[in-house]
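Structure, as structure tokens:
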Amino acid sequence: MKEYNFFLGCIAPNRYPGIEASAVKTSREFGIELCDFKGASCCPAPGAFGSMDINAWLALAARNICLSEKEGKDIALVCNGCYKSLFETNYRLKENPELREKVNSVLANAGYEFQGTQEVRHLIDVLHKDVGVEKVKESVEVPLTGLNVAIHYGCHLLRPKVERIFDSSERPVFFDELVEALGAKSIDYKEKMMCCGAGGGVRSYKIDLALDMVNEKLYNMTQAGADVVVNVCPFCHLQLDRGQLEIKEKFGDVYDLPVLHYSQLLGIAQGMSPEELGLSAHVIDVEPLLAKVL
Amino acid sequence: MDQEKRIGVFVCHCGTNIAGVVNIPEIVEYTKTLPNVAFADAYTYVCSTPGQEMIINAIKEQNLNGVVVAACSPRLHEPTFRRATERGGVNQFLFSMANIREQNTWVHMEMPEEATRKAKDLIRMEVARASKLEPLEAKVVPVEKAALVIGAGIAGIQASLDLAASGIKTYLVEKEPSIGGNMSRLDKTFPTLDCSQCILTPKMVDVERSENIELMTYSEVEDVSGYIGNFDVTIRQKSRYIYEDKCNGCGKCQEVCPVSRPNEFDLGLQPRKAAYVPFPQAVPLKFTIDMDSCIKCDLCKADDACGELEAIDFDKPDEIVNVKVGTIIVATGFDMYDVERKEEWGYKVYDNVVTGLEFERLIGASGPTGGKVIRPSDGKQPKSVGFVLCAGSRDQDEEDGAKPYCSRVCCMYSLKHAHQLIEKIPGCVPYLFYMDIRSFGKAYEEFYYRIQDEGGKFIRGRVAKITEDPITKNLIVTAEDTLLGEIMEMEMDMVVLASAVVPTESTQKIKKLLTLSNSPDGWLLEAHPKLNPMSTTTDGVFLAGMCQGPRDIPDVVAHAGAAAAAASIPIHRGSVTLEPIYAIVDEERCGGCATCIGMCPYGATELTHVDSKLIAHVNEAKCKGCGTCGSACPSGAIKMQHFTNEQIMSEIEAFAQGW
Numbered sequence: 096m097k098e099y100n101f102f103l104g105c106i107a108p109n110r111y112p113g114i115e116a117s118a119v120k121t122s123r124e125f126g127i128e129l130c131d132f133k134g135a136s137c138c139p140a141p142g143a144f145g146s147m148d149i150n151a152w153l154a155l156a157a158r159n160i161c162l163s164e165k166e167g168k169d170i171a172l173v174c175n176g177c178y179k180s181l182f183e184t185n186y187r188l189k190e191n192p193e194l195r196e197k198v199n200s201v202l203a204n205a206g207y208e209f210q211g212t213q214e215v216r217h218l219i220d221v222l223h224k225d226v227g228v229e230k231v232k233e234s235v236e237v238p239l240t241g242l243n244v245a246i247h248y249g250c251h252l253l254r255p256k257v258e259r260i261f262d263s264s265e266r267p268v269f270f271d272e273l274v275e276a277l278g279a280k281s282i283d284y285k286e287k288m289m290c291c292g293a294g295g296g297v298r299s300y301k302i303d304l305a306l307d308m309v310n311e312k313l314y315n316m317t318q319a320g321a322d323v324v325v326n327v328c329p330f331c332h333l334q335l336d337r338g339q340l341e342i343k344e345k346f347g348d349v350y351d352l353p354v355l356h357y358s359q360l361l362g363i364a365q366g367m368s369p370e371e372l373g374l375s376a377h378v379i380d381v382e383p384l385l386a387k388v389l
Numbered sequence: 235m236d237q238e239k240r241i242g243v244f245v246c247h248c249g250t251n252i253a254g255v256v257n258i259p260e261i262v263e264y265t266k267t268l269p270n271v272a273f274a275d276a277y278t279y280v281c282s283t284p285g286q287e288m289i290i291n292a293i294k295e296q297n298l299n300g301v302v303v304a305a306c307s308p309r310l311h312e313p314t315f316r317r318a319t320e321r322g323g324v325n326q327f328l329f330s331m332a333n334i335r336e337q338n339t340w341v342h343m344e345m346p347e348e349a350t351r352k353a354k355d356l357i358r359m360e361v362a363r364a365s366k367l368e369p370l371e372a373k374v375v376p377v378e379k380a381a382l383v384i385g386a387g388i389a390g391i392q393a394s395l396d397l398a399a400s401g402i403k404t405y406l407v408e409k410e411p412s413i414g415g416n417m418s419r420l421d422k423t424f425p426t427l428d429c430s431q432c433i434l435t436p437k438m439v440d441v442e443r444s445e446n447i448e449l450m451t452y453s454e455v456e457d458v459s460g461y462i463g464n465f466d467v468t469i470r471q472k473s474r475y476i477y478e479d480k481c482n483g484c485g486k487c488q489e490v491c492p493v494s495r496p497n498e499f500d501l502g503l504q505p506r507k508a509a510y511v512p513f514p515q516a517v518p519l520k521f522t523i524d525m526d527s528c529i530k531c532d533l534c535k536a537d538d539a540c541g542e543l544e545a546i547d548f549d550k551p552d553e554i555v556n557v558k559v560g561t562i563i564v565a566t567g568f569d570m571y572d573v574e575r576k577e578e579w580g581y582k583v584y585d586n587v588v589t590g591l592e593f594e595r596l597i598g599a600s601g602p603t604g605g606k607v608i609r610p611s612d613g614k615q616p617k618s619v620g621f622v623l624c625a626g627s628r629d630q631d632e633e634d635g636a637k638p639y640c641s642r643v644c645c646m647y648s649l650k651h652a653h654q655l656i657e658k659i660p661g662c663v664p665y666l667f668y669m670d671i672r673s674f675g676k677a678y679e680e681f682y683y684r685i686q687d688e689g690g691k692f693i694r695g696r697v698a699k700i701t702e703d704p705i706t707k708n709l710i711v712t713a714e715d716t717l718l719g720e721i722m723e724m725e726m727d728m729v730v731l732a733s734a735v736v737p738t739e740s741t742q743k744i745k746k747l748l749t750l751s752n753s754p755d756g757w758l759l760e761a762h763p764k765l766n767p768m769s770t771t772t773d774g775v776f777l778a779g780m781c782q783g784p785r786d787i788p789d790v791v792a793h794a795g796a797a798a799a800a801a802s803i804p805i806h807r808g809s810v811t812l813e814p815i816y817a818i819v820d821e822e823r824c825g826g827c828a829t830c831i832g833m834c835p836y837g838a839t840e841l842t843h844v845d846s847k848l849i850a851h852v853n854e855a856k857c858k859g860c861g862t863c864g865s866a867c868p869s870g871a872i873k874m875q876h877f878t879n880e881q882i883m884s885e886i887e888a889f890a891q892g893w
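Residue numbers (this note's numbering), protein chains in the order written: chain A, 96 to 389; chain B, 235 to 893.
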């Protein structure tokens, strides 16, 4: 049993509690316990904080890591934004002693010191590297045969390439492999690696532009015959799901394309019920999708 | 030896380079107070003829037996002042130089007082050293009247032809089955648009016919030992499994060979057989059997194929050849940057994204399509073609192995490609995505104007990404047009990536064999970037062409000619003078421990038996005088001539005296 401190972030617990639930439940199948992370704050959001004051962003993120260092646990998370904040901070402070000293002098005011003893992992990376595609495949009770999945990796998961652990930022395959392990088909679509439009403060600052971007993505996915969008980030999830409602109001385009976090898709394949996975919280009805696979 | 030392010190103004910063009269007065200084004076340019006369006259009038010049770097004028010292009647090695320009006034120009003090320190140190210098005699060694050229692209071919024409026996070694290099892959050459093969082939034929050139294709240099004038070279002639003297180039073996595999010469764009010549104009026109893909079916040996010629022998071994040469020219050329690593452009993912060199084969008359430009995906003629310039050049993305330098040929060959498209396909529009168009050569800018007039479209901006329409296989190119300040997206039938040029892998091997260096960009390092771009820091080894840095054909040919001229000088002189700045072993003190053997970066030290005692010996010609062995020797048996312990210690003591 490997224990991680489960860093929830803000959007999953507030908007899509099903993401948290499905992550915890599906991980248990692989002997992974996602534990309550006591005292954790906002990551804080890389776009909103990082663009204003990089040192404040680093210090707040480092505080979260320090909490986990005290417990001697690695951190696991299910959000690309949290991943950018915590993984990148961990990486930079480990690599750059000067920066670490600077951040530590801020943390000292609150009685913390960054040691660099723990890892920050995205759950999708844990599933691919530690659990492995084969084990994921073995856990499937309900193969998702015939399901066309449009995968959305999300920007912060892969970029900047130098500060990440994945080989390719343009043509990655690990997420696709994990989706196909469930019996579904990962379809190729135009501009697959394009941003959802939510991050970097764009959604808060210029909603029309943000919606225009996600509209293009949804159009491309639909054109390629997608039955469902699968992501690994609650903020992308929100943009892709709730965004459809806003697009309908603003531009009149209707997609009704269900959106799932990978943990939820995995849960369905592992035979969990829609209630267990909290699918009712989604704006776009997931029912037609369930009818197709169950 | 113990005669009274009388040293003359000459302080150079170097115009205002030195005099503009430090107080020259103060330095001269100070110098006069130093021990052993019999004479001190300053002059505007000591390196000038009157400056040198001043040294010569002072030696005679003041009866000097040592000279110090405080001026620029010894790399610049040490030979000048040594000659003046010699002309004054004093052994040239009793001269020493204080660098008060590069190492003082140029770097401390804002601090005149401190710089004046530092100049005094430097002069005091050189005077102390000059007091301990010993007269030395230069050594003369004979030079073998032959040269080696490694690599037979246009650079190696030109260098060999020039050497041969001046009467020097030249061994031209090429690792591929044919000479010609990358130039033989090109269709036309910019800006004159003459056919590359047509201007290259006569030179290739000349190489084959030249009495003075011994051509060794499909061969590699395995080992080099020795030194300028006397290099011993070991060459492996890889087996073609065909006897060159028996093969008449009829090609019947190729006709019957059932094996098909991608032809490296065409970058895999068309097949070749296991028995093959890389291209029809190959020199020598001798077939090669690629044993890695040969299935030994023996069809090529049958009566209707090679038959009675009996040229084919599957058991023919490699041959090792040893040659002795006086000088060596390295002409190992370039490779293309692996542009697949720039994932955003989708090379090797999208069918219709090709590299510039592949496009040369596609548009070349001898290429897989006979010069008809077609899209790899469906064989249709493209009507719009995007050219991504600086694909991997002028790019600081180290993660993807991109190069910060300009590759110098891509702008011009892309312009040429644009012209060829317009000429060959009516209505076809080439779009060139560029940062700057660098049309720097003779008639190059005019060529750029011409392509503009012909209808080439130029978009100043780097291509951010290329995506593919999965059905039409058309490419969607996204870039920022930085002149309009707008993001633009265009659909193209085809995209050509003008990939950067990079040093070849084999250059690394040659670099080690010849103890050469490379500059931080990976290209081989020249002796001086401006005034000696064809020589290296290894005496007798010269550079020709791209192995030293990106350049186009005219520059390669000029560089190769210069390398040939430089490489022929020692051979025509018949002898070379070696600096006596080498290590010598005190045989009495040497214990034969071999510490120095492993230390020497030049392989100049070896153990020998003297009267049954094992002692170290330094090969004077190979020794560069770095002093590593001397400082490592546990018994202090190695003396570095001209940089003895005593001389260096005296400098250090003199330095300490000022503080």
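We put the beta carbon where it would ideally sit given N, CA and C, even for glycine.
I'd like to confirm the pairing. Which residues does DSSP put opposite residue i in its beta bridges?
{"i": "A349 (chain B)", "result": "Note: A349 (chain B) sits in no beta bridge, so no partner."}
{"i": "V257 (chain A)", "result": "For V257 (chain A), which the question treats as bridged, DSSP gives no partner whatsoever."}
{"i": "Y581 (chain B)", "result": "B:Y584"}
{"i": "Q471 (chain B)", "result": "B:S453, B:E553"}
{"i": "T423 (chain B)", "result": "B:D428"}
{"i": "Y665 (chain B)", "result": "B:G620, B:K691"}
{"i": "P376 (chain B)", "result": "B:S809"}
{"i": "F465 (chain B)", "result": "B:G460, B:V559"}
{"i": "G300 (chain B)", "result": "B:I241"}
{"i": "R495 (chain B)", "result": "B:R506"}
Using the beta-carbon of each residue, which ones in chain A are nearer than 8 Å to residue i?
{"i": "V917 (chain B)", "result": "Because chain B is modelled from 235 through 893, residue 917 (chain B) falls outside the range shown and cannot be assessed."}
{"i": "V583 (chain B)", "result": "R266"}
Which residues in chain B have a C-beta closer than 9 Å to the C-beta of residue i? List them in chain order.
{"i": "V257 (chain A)", "result": "E632, E633"}
{"i": "S375 (chain A)", "result": "None at all; the shortest Cβ gap to chain B is about 36 Å."}
In chain A, which residues lie with their C-beta within 7 Å of the C-beta of residue i?
{"i": "E714 (chain B)", "result": "By Cβ distance, chain A contributes nothing, its closest Cβ being about 16 Å from E714 (chain B), past 7 Å."}
{"i": "P704 (chain B)", "result": "D283"}
Could you give the DSSP three-state label for residue i: helix, strand or coil?
{"i": "A332 (chain B)", "result": "strand"}
{"i": "K658 (chain B)", "result": "helix"}
{"i": "K507 (chain B)", "result": "strand"}
{"i": "M235 (chain B)", "result": "For M235 (chain B), the predicted structure reports a pLDDT of 47, less than 50, and the residue's modelled location is therefore unreliable. A value from the coordinates is still provided. In this structure, M235 (chain B) counts as coil in the three-state DSSP scheme."}
{"i": "R110 (chain A)", "result": "helix"}
{"i": "I219 (chain A)", "result": "helix"}
{"i": "R309 (chain B)", "result": "helix"}
{"i": "A871 (chain B)", "result": "coil"}
{"i": "F270 (chain A)", "result": "helix"}
Below 8 Å on C-beta distance, what does residue i contact in chain B?
{"i": "S122 (chain A)", "result": "Result: empty, since nearest Cβ-Cβ is about 31 Å, beyond 8 Å."}
Closer than 7 Å by beta-carbon distance: list the chain B residues that pair up with residue i, in chain order.
{"i": "S299 (chain A)", "result": "Those within 7 Å of S299 (chain A) in chain B number zero; the least Cβ separation is about 22 Å."}
{"i": "S263 (chain A)", "result": "E577"}
Are the C-beta atoms of residue i and some chain E residue less than 7 Å apart?
{"i": "G300 (chain B)", "result": "Among the chains of the structure shown, chain E does not appear; the protein chains present are A and B."}
Which residues, in order along the stretch 268 to 292 of chain A, keep a beta-carbon less than 8 Å from a beta-carbon of chain B?
D283, K285, E286
Mind listing, in chain order, the continuous beta strand (DSSP E) runs of no fewer than 3 residues lying wholly within the stretch 589 to 653 of chain B?
618 to 625
Please list, in chain order, the residues of the stretch 682 to 702 of chain B that have any C-beta partner in chain A closer than 7 Å.
T701
Using Cβ-Cβ distances below 7 Å, what residues of the stretch 561 to 581 of chain B are close to chain A?
E577, E578
Could you give the uninterrupted runs of the beta strand (DSSP E) lying entirely in the stretch 160 to 217 of chain A, keeping only those of 3 residues or more?
169 to 172, 215 to 217
Quick one: complete beta strand (DSSP E) runs, 3+ long, within the stretch 258 to 295 of chain B?
271 to 277
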